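Below: the structure, in structure tokens.
2 protein chains.
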Amino acid sequence: MTDQSITPRIERFVPADNAAVSFTGGFWESWTETIRKVTVPTQHQRMDEEGFLEVLNFHLPPAPLARPIQPSGLSMQHFFDSDFGKWIEAASYTLKAHPNPELEAKIDDIVDRLAEGQMTDGYLNSWFIRREPKKRWTNLRDLHEMYSMGHLLEGAVAYFLASGKRKFLNVMIRAVDHIIDTFGTEPGKLRGYDAHEEIELALIKLYRVTGEPAPSGARAILRRRAGPDASYYDEEARKRGQDPKDYVYKDYSYSQAHMPVREQDKVVGHAVRAMYLFSAMADLAVETSDLSLLAASNRLFDNLTGRQFYVTGGLGPSGTNEGFTREYDLPNATAYAETCAAVALAFWGHRMAQIDLDSRFTDQVELVLYNGALSGISRDGQQYFYENVLESHGDNRRWKWHYCPCCPTNIARLIASLGSYFYTTKPGELAVHLYGANQAELLLGDVPVSVEQQTAYPWDGDIALTVNPAKTAHFKLHLRIPGWSRSAEISVNGEILTPAVVKGYVTIERDWAPGDVVRIAFPMPVERLYANPQVSEDAGRVALKRGPVVYCLEEVDNGLPVQQLRLLAGTELEARFVSDLLGGAVVIEGPAEQASLLQWGEGLYRTSPPAFEPTRFRAIPYHLWANREAGAMAVWMREI
Amino acid sequence: MTDQSITPRIERFVPADNAAVSFTGGFWESWTETIRKVTVPTQHQRMDEEGFLEVLNFHLPPAPLARPIQPSGLSMQHFFDSDFGKWIEAASYTLKAHPNPELEAKIDDIVDRLAEGQMTDGYLNSWFIRREPKKRWTNLRDLHEMYSMGHLLEGAVAYFLASGKRKFLNVMIRAVDHIIDTFGTEPGKLRGYDAHEEIELALIKLYRVTGEPAPSGARAILRRRAGPDASYYDEEARKRGQDPKDYVYKDYSYSQAHMPVREQDKVVGHAVRAMYLFSAMADLAVETSDLSLLAASNRLFDNLTGRQFYVTGGLGPSGTNEGFTREYDLPNATAYAETCAAVALAFWGHRMAQIDLDSRFTDQVELVLYNGALSGISRDGQQYFYENVLESHGDNRRWKWHYCPCCPTNIARLIASLGSYFYTTKPGELAVHLYGANQAELLLGDVPVSVEQQTAYPWDGDIALTVNPAKTAHFKLHLRIPGWSRSAEISVNGEILTPAVVKGYVTIERDWAPGDVVRIAFPMPVERLYANPQVSEDAGRVALKRGPVVYCLEEVDNGLPVQQLRLLAGTELEARFVSDLLGGAVVIEGPAEQASLLQWGEGLYRTSPPAFEPTRFRAIPYHLWANREAGAMAVWMREI
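Chains as they are written, first to last, in the numbering used here: chain U, 1 to 640; chain W, 1 to 640.
See the structure below:
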């Protein structure tokens, strides 16, 4: 199929190969090493312990139909293939820079078993093949078969790029061919598309590696999604003997299928689905030069980040639909803010910034990386949050595994691929989006440029960026000036520059010689943040942020349920590095007042307010919460 | 069976016959007339429309087993008999003072059909007889058969007292005999008791009318409940082929069956179950002079009202277990605070005050009557709340009917029987618990005393209480001094008295002559209430109360989501009667500040707080909320 649009081609910035970016000490080295050494192996161990791998025993006869139980007592889901896919993807990102035959053997084992189980027509889904073969493709609305294949496909692409082995990729190309043969608008094909988006962006990844099946594969799916109705789900339900009106989510806005995507201007429904869809829209806008898709994606990004976004970068406030409700509805203690959704926002923002170098995208990528996504994994890399609340009374604890373990592998694949978020390039252009100690080997078109950042970021805002082209080369260096930065000082080889900040980036265009040093200083005062008055949950409250890091107060540091504290406007707050706090972190301390329980005594209500006593508080980075003893936590604190 | 305890007999105050108390103008006349003229007839109409009455067609063959759907699309429940019972009870309370042959015919129709359906061994439950006859008595943990029979029994007692007809009572006595034959500790009997308490207090009602089956019937059930374990539920589950560990509520504290009731000191589990249990414990303490039961009931009452009680009188904060969580956990926007639970608290407090004349019980009865229970029914008497939130963002709307319509008939039976909450008597003693315009014919032992209250209470705290014994008589008049009253002035025939306040009551003992007038003045300033600092949701917030009435702010009166307002400490607040507000009510008005959306502009977060502008607010009685257009509401308002 050919692309029939006639708009000018969008030239995107191409992300760095994540394996070409090595974190060299500091924050992200610690995290990426934790993911590689702890998270990836323990996730495989969990999948083994919990019987995921057993489902891949295709040589055994089909197992009973009833929903089985994992050994830990958690129920199994029909879309666990997606976890294989995401785990292989995360593992693959670690493999290229750190070859690991044992890990590769584990991946190969899964691949071999999937290959063995794949049906002769290319269909691949371990749940349905092993347990309910007659139900395949009977419920695109609820059962996530394309979603599962999409994640396997992403895993296959990543593993191919890491290992050079084509077996998994070939398996998934057969599966994609099967989807394309089965679904479409052509006569004889089924008109449906999966209600859980994912396959769309996976198809683009495949296309970018193989040139096949052309963006039209994903576009065809999106086009049906963009069409006038989602009546296929109704027809399908009736075929199953169900009344479409009994659909638990009532209307298809849950899956963003309530109106053509190009017309949508409010982010609705299931948050992860929305993020995957919009990521695919951004990719498709590039590959098909489709400006109307890009416009919709832009509009939706602004709606999300301007009206439906936690200060931590969390999104999707409600557990009821795992997603969005009304604008400005951002409850703290009941925040759903799924880890996967924040992770997927990074996917989307990263893609948008490839098209349009604008820090309104990358600011939010940085925000979720340091806060609302990273909070989803424990500091030791083996416990997780699904929901990322912004306030707790002590009953939110991380878990080792989950009945729907989608988040662990999602945060793993994001952090394992983090290098590609730091730098993007075009011929003659290098964009630096994130800061942190690293050494990177980049290509600007065919010009190799090596880059090194020396910095204690995010604990400190001073960065020494050494630019090392193989030989002197003329190119544009784009540096992101974070939205949180009020003043930045930039020098090249000691000479202070004052370049204009355009859409949150400064551009230094010059002949770059090996060893040129750009020094960037972002002062990092502690900032108090206040919320739009329409966010009623945050009225009268303050949040603390320093640089890209959002803070919270935990009971363990403050000796009492932190909701009994109130901060004092206008008082000086101190930031200092505490080396023995969970691997080292900057904490914020300052004066506060605590309610006197002694003075109140017994009883629930009375006609005079409680008395307060002076005290001091300590706040820690939000992403580090719930790593010590249980207790209350709050991001938004009362302030008087 | 004989009562084997040897403690001195507890002499209780006996509630007035509700039919002997006529509300004469004012607040409660309006509500009791609404219940009689609108609520009772429309509830019958709903039960008819929704197919409840159809289930009583016992002459038809058993209907399919699958859970059927009400015509409105709501699912049916297996415990709908309880709604017949509560509806008949409410209707009966209206019948005695207002004979209504048409209404009586409707009750008789239900009674005739229940009598026809009753099984030969006395078993009665329309769901199981019509739909799942083999499942009777197989699941006391979840299926509420005794609960349903208990409510039918309460209805039968009330209908017998109102109409003199014994048919329904006889049906239910046969059902009770069947329960006593089937369950017990004797050999050959089943050792179980219903996990949803109710039958216990219904049995006491039966006993008080018929002298049978002696309090031991209820006591026997309670004794098994008070026993060392709830293993019967486990055995029963195994018999059904279920693993007891799969119990959705995890442990039997959900049904207060986790430890002997006499040892319980924290109110836990399902709120309505708890209130029904504790009400029965109070009754049983009287009938069996069981001081240890009374001590437990006292302790639990204090735990509830001192640590787990909304300012409105709502209780049971969580929808997950329809009940209690941890102490001081009182979220506002997600408050469950089921109408039935507040209604049942009135039952409990009323019973405790019959034993111990202490306003710490009756204060809470008054609180729920004017607030957390009354909020469960619309001003027009035909729409309902199940959950009574204390804060809304506009999406809480009253419903006409519900898949679990337990609350409508519960609030109806409470208000329809309200007269009995106003007065209780003993020989030589008359206790006045509540204030409001009414005329009552009471008996102090065998001494008839007529009483009249002239007052605009609760809008005004001046009461003229005329005492009219048939002839001059010596007795004690106990008057409740509400806990909210800071100063009360009392005079008899113009002479000011200063009697001591003992446990919230003053006692005037004298020869009372016909026409003696007691004047009571309770000043009703607007009060600001503050919550214990351990209630984190209310920190920094204020609630407004005047007399017994708790207030809230609604968007419709204030022109904006009220969470954007903040009240100002120390400013003067004005109370005034607004005659055209939902039948007339006192509103509270005063200065406030509102956040400037214009000044804020777009965007979610920034480093300076929003600007505020002066404005004024209006608050209305909480029980009147959600009777006009949809919008935000808050009881607890920020205050600076």
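In this text, a Cβ means the ideal position worked out from N, Cα and C, and glycines have one as well.
It should be emphasised that the depicted structure is a prediction, and the values quoted were computed from it without experimental measurement.
In chain U, which residues lie less than 8 angstroms from Gln-534/W when you measure between Cβ atoms?
Pro-561, Gln-564, Leu-597
On the three-state DSSP scale, how would you describe Met-146/W?
helix
Express the C-alpha separation of Leu-553/U and Met-637/U in angstroms, rounding to a whole number.
8 angstroms
Which value, in whole angstroms, describes the spacing of the CA atoms of Ala-346/W and Ser-378/W?
19 angstroms
What are the boundary residues of the alpha helix (DSSP H) that Met-633/U is part of?
No alpha helix (DSSP H) holds Met-633/U; the beta strand (DSSP E) holding it covers 632-634.
Which ranges would you report for the beta strand (DSSP E) in the region 131-197 of chain U if only whole runs of at least 3 residues count?
none
Just curious, the alpha helix (DSSP H) that Val-343/U is in, first and last residue?
339-355
Ala-341/U versus His-270/W: straight-line alpha-carbon distance, rounded:
34 angstroms
What is the residue span of the alpha helix (DSSP H) that Lys-205/U lies within?
199-210
Taking contact to mean 3 or more Cβ pairs, one atom from each stretch, closer than 8 angstroms, check whether the region 407-423 of chain W and the region 321-336 of chain W are in contact.
no
Per-residue DSSP class, three states only, for Met-637/W:
strand
Would you list the one or two residues that DSSP bridges to Ala-648/U?
No answer is possible for residue 648/U: the residues shown for chain U start at 1 and end at 640.
Below-7 angstroms beta-carbon distance, Val-311/W vs any chain U residue:
yes
Taking C-beta pairs closer than 7 angstroms, name the residues in chain W that Thr-334/U reaches, listed in chain order.
Thr-334
Under 7 angstroms, CB to CB, which of the residues in the region 513-531 of chain W have a partner in chain U?
Glu-527, Arg-528, Leu-529, Tyr-530, Ala-531
Buried or exposed, going by whether 16 or more other CB atoms sit within 10 Å of the CB of Asn-493/U?
exposed
My guess is that Thr-615/U and Glu-593/U are in contact by the Cβ rule of under 8 angstroms, so how many angstroms apart are they, rounded?
7 angstroms
Under DSSP, the alpha helix (DSSP H) around Lys-239/U begins and ends at which residues?
231-239
Under 7 angstroms Cβ-Cβ, which residues of chain U neighbour Pro-548/W?
Those within 7 angstroms of Pro-548/W in chain U number zero; the least Cβ separation is about 13 angstroms.
Residue range of the beta strand (DSSP E) that includes Val-432/W
429-432
Would you list, in chain order, the members of the region 365-395 of chain U that have their beta-carbon closer than 9 angstroms to a beta-carbon of chain W?
Glu-391, His-393, Gly-394, Asp-395
Between the Cα of Ala-513/U and the Cα atoms of Val-449/U, Val-526/U, His-258/U, Phe-27/U, which residue gives the shortest distance?
Val-449/U
Examine chain W for any beta-carbon lying closer than 7 angstroms to the beta-carbon of Glu-600/U, and answer yes or no.
Checking the displayed sequence, the identity of residue 600/U turns out to be Trp instead of Glu. True, the Cβ-Cβ gap to chain W drops below 7 angstroms.
Considering only the alpha carbon of each residue, which of Arg-12/W, Asp-83/W, Gly-25/W, Gly-419/W lies closest to Tyr-403/W?
Asp-83/W
Give me the Cα-Cα distance between Tyr-249/U and Ser-255/U, rounded to the nearest whole angstrom.
9 angstroms
For Pro-525/W, the three-state DSSP class (helix, strand or coil):
coil
Classify Ile-496/W: buried if its beta carbon has 16 or more other beta carbons within 10 angstroms, exposed otherwise.
exposed
How long is the line joining the alpha carbons of Val-261/W and Asn-303/W, rounded to whole angstroms?
14 angstroms
Taking the beta strand (DSSP E) that Phe-23/U falls in, what are its first and last residues?
21-23
Taking the C-alpha atoms as reference points, what is the distance between Lys-426/U and Phe-23/U?
22 angstroms
Looking at the C-beta of Trp-636/U, does it have a partner C-beta in chain W at a distance below 7 angstroms?
no
Quick one: residues in its chain with C-beta nearer than 7 angstroms to the C-beta of Arg-12/U, no 5 flanking neighbours on either side, listed in chain order?
Val-286, Gln-354, Ile-355
Tell me, which residues are paired with Gln-453/U by DSSP?
Asn-438/U, Leu-465/U
Under 7 angstroms between C-beta atoms, does Tyr-403/W make it to chain U?
no
Simplified DSSP assignment, three categories, for Arg-326/U:
coil
Looking at the strands, I want to know which residues DSSP matches up with His-478/U.
Ala-431/U, Thr-507/U
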